[in-house]
Amino acid sequence: MTFDEWTRSGLPQLLRFATALCGSGHLADDVVQDVAIKAHRNWDRISAVGSPDAYLRRMVVNEYLSWRRKWSRYVPRAEIMPAEHTADPADQAADRDELITELAKLPRRQRAVLVLRYYGGQTDNEIAETLGCSPGTVRAHASRALATLRIELKDPSPTSEVNHHAY
1 MTFDEWTRSG LPQLLRFATA LCGSGHLADD VVQDVAIKAH RNWDRISAVG SPDAYLRRMV
61 VNEYLSWRRK WSRYVPRAEI MPAEHTADPA DQAADRDELI TELAKLPRRQ RAVLVLRYYG
121 GQTDNEIAET LGCSPGTVRA HASRALATLR IELKDPSPTS EVNHHAY
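Here it is, written out as structure tokens:
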């Protein structure tokens with residue numbers, strides 16, 4: 001598969017993934033643009049791996065984490081990850097906005113784990129490989145992130161965490 005072929009088929013999905021990870025369409029555009037430039041330069045090597053899409057998702061996660069590290073020194077967190085609001089008055093939209101806001105407040109690794117698990121549909125082992133850590137660390141990050149979200153979203157049921165992936 002050539003880089004041009006991949007951009008037609010895989011880039012929209014990568015951008016959706018980045019938007020979920022970053023919490024901001026504008027930041028996701030920047031992250032994916034940087035990744036696409038790097039990927040184009042190294043496409044021969046990337047296309048030779050078993051799954052270029054997985055490799056590129058990892059590049060997006062790494063670029064996002066680097067961006068957060070760099071800018072967290074200069075800009076308060078609330079300004080880094082503003083919630084994107086919608087004019088939809090439905091309760092579901094309001095709940096989604098609240099969730100996006102609370103996700104933006106999580107530490108970057110916890111946020112990455114939740115996005116990779118629930119949006120990306122990855123297993124703990126796949127997430128561990130993407131983030132360069134152990135599956136146990138992935139589960140710990142997920143547990144802490146979900147506990148924080150339960151408190152912040154005022155979910156009264158401590159059993160709302162589902163064992164999403166087999167170990």
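Residue 135 in full-length UniProt numbering sits at position 135 of the sequence shown, and the numbers go up by one each step.
Every residue gets a Cβ at the ideal spot worked out from N, C-alpha and C, and that includes glycine.
8 Å Cβ shell around Leu11 - same chain, five flanking residues per side excluded: Position 11 of the sequence shown, counting from 1, holds the residue named residue 11. The residues Val32, Ala36, in chain order, have a CB closer than 8 Å to that of Leu11 in the same chain once the five nearest residues on each side in sequence are set aside.
Spatial neighbours of Arg58 in its chain, beta-carbon cut-off 6 Å, leaving aside the 5 residues before and after: Your numbering for residue 58 matches position 58 in the sequence shown. If the five residues before and after Arg58 are omitted, its C-beta is found closer than 6 Å to the C-beta atoms of Thr130, all from its own chain and listed in chain order.
8 Å Cβ cutoff met for Arg117 and Ala142: Here residue 117 refers to the residue found at position 117 when the sequence shown is read from its first residue. Here residue 142 refers to the residue found at position 142 when the sequence shown is read from its first residue. Cβ distance < 8 Å, so Arg117 and Ala142 count as in contact.
Environment of Ala39 [buried if 16+ CB atoms lie within 10 Å]: As a first step, residue 39 is located in the sequence shown; it is residue number 39 there, counting from the start. Answer is buried; the Cβ neighbour count reaches 16.
Under the three-state DSSP convention, the category Ser24 falls into: Taking the first residue of the sequence shown as 1, we reach residue 24 at position 24. Ser24: coil per DSSP, three-state reduction.
Where the alpha helix (DSSP H) through Val115 begins and ends: Against the sequence shown, residue 115 aligns to sequence position 115. Run containing Val115: none; DSSP gives neither H nor E here.
Pairwise C-alpha distance: Asn62 and Val138: On the sequence shown, residue 138 is found 138 positions in, with the first residue counted as 1. On the sequence shown, residue 62 is found 62 positions in, with the first residue counted as 1. Cα-Cα distance, rounded: 16 Å.
Distance, Asp34 Cα to His85 Cα: Looking up residue 85 in the sequence shown gives position 85. Looking up residue 34 in the sequence shown gives position 34. Model confidence at His85 stands at a pLDDT of 48, short of 50, so the residue's coordinates are unreliable and nothing is read from them.
Local conformation of Lys38 per DSSP, three classes: Here residue 38 is taken as the residue at index 38 of the sequence shown, counted from 1. The answer is helix: DSSP assigns Lys38 an H, G or I state.
C-beta contact flag for Arg108 and Leu56 at 8 Å: Residue mapping note: residue 108 aligns to position 108 of the sequence shown, counting from 1. Residue mapping note: residue 56 aligns to position 56 of the sequence shown, counting from 1. No.
Contacting residues, own chain, Cβ-Cβ under 7 Å from Glu102 (five flanking each side not counted): Working through the sequence shown from its first residue, we reach residue 102 at position 102. Contacts found: Leu149, Glu152, Leu153.
Nearest-angstrom Cα separation, counted from Leu15 out to Asp30: Mapped onto the sequence shown, residue 30 falls at position 30. Mapped onto the sequence shown, residue 15 falls at position 15. Distance between Asp30 and Leu15, taken at the CA atoms: about 10 Å.
Alpha carbon of Ala18 to alpha carbon of Leu27, nearest angstrom: In the sequence shown, counting from the first residue as 1, residue 18 sits at position 18. In the sequence shown, counting from the first residue as 1, residue 27 sits at position 27. Approximately 8 Å, taken between the alpha carbons.
Per-residue DSSP class, three states only, for Ala147: If you number the sequence shown from 1, residue 147 lands on position 147. Helix.
Ala140 versus Asp4 - alpha carbon distance: Within the sequence shown, the letter at position 140 stands for residue 140. Within the sequence shown, the letter at position 4 stands for residue 4. If you take the alpha carbons of Ala140 and Asp4, they lie about 39 Å apart.
Euclidean distance between Cα positions of Ala87 and Asp97: Residue mapping note: residue 87 aligns to position 87 of the sequence shown, counting from 1. Residue mapping note: residue 97 aligns to position 97 of the sequence shown, counting from 1. In this prediction, Ala87 scores a pLDDT of 49, lower than 50, which makes its location untrustworthy; the coordinate-derived value is nonetheless stated afterwards. Linking Ala87 to Asp97 through their CA atoms gives a straight-line distance of about 11 Å.
Status (buried if at least 16 other CB within 10 Å, exposed otherwise) for Gln13: Taking the first residue of the sequence shown as position 1, residue 13 is located at position 13. The residue is exposed, with fewer than 16 neighbouring Cβ atoms inside 10 Å.
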